[in-house]
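Below is the structure:
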């Protein structure tokens, strides 16, 4: 019997475990650790259902990301296709691997032969969706008369909506005297920025707010009444009541303390008497009394410790007054809390309504709306009956993957649907798999406590077997041992007792790899280099401790990777490396270090809009037009592609001499007689004049047209970023027109809106799209790493402060018990206004935050198959605890190897990897070369350039596309007329339609078009198209020629192939030229000559 597998709490053999899990007739809930094969089990269960004769349309499989749904679908269909083609012996073994009982094997073999055709040709095929995709399907089935079905699109990027909703809200406030008064009081209490931030919490928590108040006629009154009832016990202890009940005893206490021999007691007596005699409000007198009775830390003063003879009655009397003052303080806190919540509920509800109106006018909804709509429809006695009946007749088998990521509203929907089956023999089978230890999406409202609650529900009402597997196939022995050490003590790294996952169970691994775990010593901070007081901003850079520490740490990691590459030699693949960060802000520094070393990488980093340099330039321009004295922004505008000043040109505008004697910046630009400066001054002055008369959108629209902004940026931007740069510049125009309906009071307001949009966009946390895997390092955040695994995993920058044990302030406190239809509490944790009535909830929330820290560490560590590396840097302030501290407590930190010093500049040339560097590493060189070139910004585009672009945009012959859109897109990219593109299109169409060339433009083969590389010698190489066909990589060049290609093309492709062999050492590399006549010429590796190909079969030679 192999350990790590249980059914209903009893350890079982592997065969019994999987027979139970995959039995088509039984319901199961599976708690499965990382690397245990959750997706395999779910896919296998689906295939077993199909083999048992289940109709594909009666199966509903739900997961949480489109990527996971696609992977599940591909795996199932792949198995079905393979089984259709297998020999009998292979097929029988495959069915045994799916734990088909021996008595069913013969029928299963017969059915497996035709299963692929049956499933693929079924009118209603398998339903494999995300929750939201399923909800959209349910919505689409609603009658058009149903108001809930009227929205036309789902908004997945609410940044612009939030901005417009805020403006609408402010307009509503200005139009309502009562709202205006409430808003003024709220801002006066909390400040403008703080009040805005706290109010905007309402938008992010609007679903919980709607659920909390959905049965109330007046949501604000309902919420206030609930908060009042909660604090009713402490609201009784008012200052007035305190003085009524304790005035006499307070005076007696002061007299008794005054007679005491202790100095502290006598001082306290004087303060008590002074406070009692104050001519002030009761609240002020209470504050004075608290100073007398309590220390600055809030503890009762120790007045009697130095006295030999202690009056016990006096001590009791003093304690009575201290306790009463604590009660009064809490009463005052509760009173202030009620006042603030009156404003917060009132204004927050108004803001949410403004947000809803903004969506309604656009005909949009978001996924939160979708969830709430389906939940309410299912609970509606009339409208929900039809939807319930449709679900009952269509779905007979429900499968849910990654159940720990379910949020309360999703569970409410599933439970509402299934509640009609409780105890019914016609109920569907249920297959649920997940792992509460991997619940890391609280910011998306996921609640790991739902998993154990749902397990008990399915056990009671669906007779589900409860399975658990703590057996991983992924982690090497040492990695698995390290994970066990981290989590086996006190239920986790930080000793939280209320973890929904329960006590950690030791995991076992089936891997035979010994593995390795390295915890490196924290890198010391570089001594701070203070900039001179009179720092010249163009010659002396600002220093940033955090960035420099991260960059040094990243360079140290790169050194270690280079060392591993040297050790493994021929077997080394950069694609086996995964670098994980806790926060996004560490990604750019790691990218920099990888680029410096020439290491290929893919990154999920997506900053806000202002992270794009061209958008930052436009923001700087807006600031200059509003305030010409904005020197830093003026320097940026003059240096950027708009004007193209050199460093020398800029330094002459900002001389080091006294600015009183020598004009600087805008004044120097205005006073200069040099043509370069005069032209820039006249242009900016004209733009400033426009800015004083025209809307912001019109100003930038004119600038874009007059100054050929798109052309200038297209000319100097690296090839692989050109489309993104042009798109970002157009996005600025779109924002100027779309946000607030194009109405901006000033350029300054537009700048603020750009910054706000970038912040909101950056804060959004949808699924971060990971790039397609190539032979390159993958760099991403832990939240994006679910489902990934790599041989070598680096946990980067782990010496960070984890979530505090104390409750966080200025966040929304929501109490939503698992299984409850709605929250039972909804309030705001204002800073410094904690009350005992909410303290237990706050402590639970803080505990959940720390539990999620443990889950994040667990997810990160279990991505490693063979080798786990953990790094960190010292911080200026001492941290109480961190991931690094926890890891180093189980694996002593080791010094960095001497040759892995953080100073990357010590690398000799032979240390650098002989591999491909993506063109990002040369972006500066490309940009400088383009800037210094004497060629015009836009040259006439040849037919060959247009042909390249059309083939790149069309993508493949099987893709459906709008030709007009295609021509327009190509014209915008190349800045050529529509008609010119139209003339070249027949050549592109001939290539795409050619049977000979079909394999190079088929969806079946992975392709990249174009692919920019840099050779080992630093030369930029632009491959027109790269196609992966079997074990061969085809490098294709498109040429607008009639005859065969010549020697120049042969040499060029040979150089490309040489670079590609570094990237794909285990694949065959072949090169070919496709001409505009749809002819194909393949380069012979031995002779260096091009061979004409006329038949597709020749491609296999």
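Numbering (our numbering), first residue to last: 1 to 1101.
Using N, Cα and C, we set each Cβ at its ideal position, and we do this for glycine too.
Contact set for residue i: own chain, Cβ-Cβ below 7 angstroms, skip 5 residues either direction
i           : result
residue 585 : none
residue 216 : 222
residue 464 : 27, 28, 29, 430, 458
residue 986 : none
residue 227 : 338, 341, 827
residue 306 : Note that residue 306 scores 48 on pLDDT, short of 50, meaning its location in the model is unreliable; the coordinates nonetheless yield the value given after this. The residues are 262.
Residues near residue i by beta carbon distance below 6 angstroms, same chain, minus five either side
i            : result
residue 371  : 409
residue 857  : 883
residue 1006 : 1028
residue 1044 : 1081, 1090
residue 811  : 829
Alpha-carbon spacing of residue i relative to residue j, whole angstroms
i            : j            : result
residue 351  : residue 176  : 13 angstroms
residue 574  : residue 788  : 15 angstroms
residue 1093 : residue 1015 : 29 angstroms
residue 751  : residue 622  : 7 angstroms
residue 967  : residue 590  : 39 angstroms
residue 387  : residue 96   : 39 angstroms
residue 920  : residue 1074 : Reliability fails at residue 920, whose pLDDT of 32 lies under 50, so the model's placement of it is uncertain and the value that follows must be treated cautiously. So the two alpha carbons sit approximately 28 angstroms from each other.
residue 129  : residue 138  : 12 angstroms
residue 1174 : residue 72   : No information on residue 1174 is available, as it lies outside the stretch 1 to 1101 that the chain covers here.
residue 599  : residue 167  : 46 angstroms
residue 122  : residue 56   : 7 angstroms
residue 203  : residue 158  : 10 angstroms
residue 682  : residue 691  : 14 angstroms
residue 440  : residue 782  : 9 angstroms
residue 80   : residue 107  : 15 angstroms
residue 1103 : residue 125  : Since the first residue shown for the chain is 1 and the last is 1101, residue 1103 is missing from the structure and cannot be characterised.
residue 873  : residue 550  : 7 angstroms
residue 588  : residue 548  : 12 angstroms
residue 601  : residue 896  : 23 angstroms
Residue i and residue j closer than 8 angstroms at C-beta
i            : j            : result
residue 775  : residue 953  : no
residue 677  : residue 669  : yes
residue 1076 : residue 1041 : yes
residue 624  : residue 615  : no
residue 1056 : residue 1021 : yes
residue 230  : residue 837  : yes
residue 4    : residue 508  : yes
residue 594  : residue 792  : no
residue 92   : residue 105  : yes
residue 259  : residue 275  : no
residue 282  : residue 239  : yes
residue 336  : residue 833  : yes
residue 893  : residue 520  : yes
residue 358  : residue 165  : yes
residue 848  : residue 442  : yes
Cβ-based neighbour list, residue i, same chain, cut-off 8 angstroms, excluding 5 preceding and 5 following
i            : result
residue 22   : 41, 44, 45, 48, 98, 99
residue 680  : 638, 643, 645, 669
residue 1049 : 1037, 1039, 1073, 1090
residue 249  : 317, 320, 321
Integer-rounded CB distance, given that residue j should sit under 8 angstroms from residue i
i           : j            : result
residue 427 : residue 462  : 6 angstroms
residue 970 : residue 989  : The Cβ separation is near 13 angstroms, so there is no contact.
residue 454 : residue 411  : 7 angstroms
residue 234 : residue 345  : Contact doesn't hold; Cβ gap of about 20 angstroms is too wide.
residue 826 : residue 340  : Between residue 340 and residue 826 the Cβ distance is about 14 angstroms, and since that is not below 8 angstroms, they are no contact.
residue 994 : residue 1078 : 4 angstroms
residue 870 : residue 560  : The Cβ separation is near 11 angstroms, so there is no contact.
residue 620 : residue 633  : 4 angstroms
residue 822 : residue 212  : 6 angstroms
residue 182 : residue 347  : 6 angstroms
TODO: Ignoring anything shorter than 3 residues or poking outside the region 790-862, list the beta strand (DSSP E) runs there in chain order.
DONE: 790-796, 812-815, 825-828
Task: Length at least 4, wholly inside the region 152-230: the alpha helix (DSSP H) runs in chain order - done: 159-175, 177-190, 192-204, 206-213, 219-230
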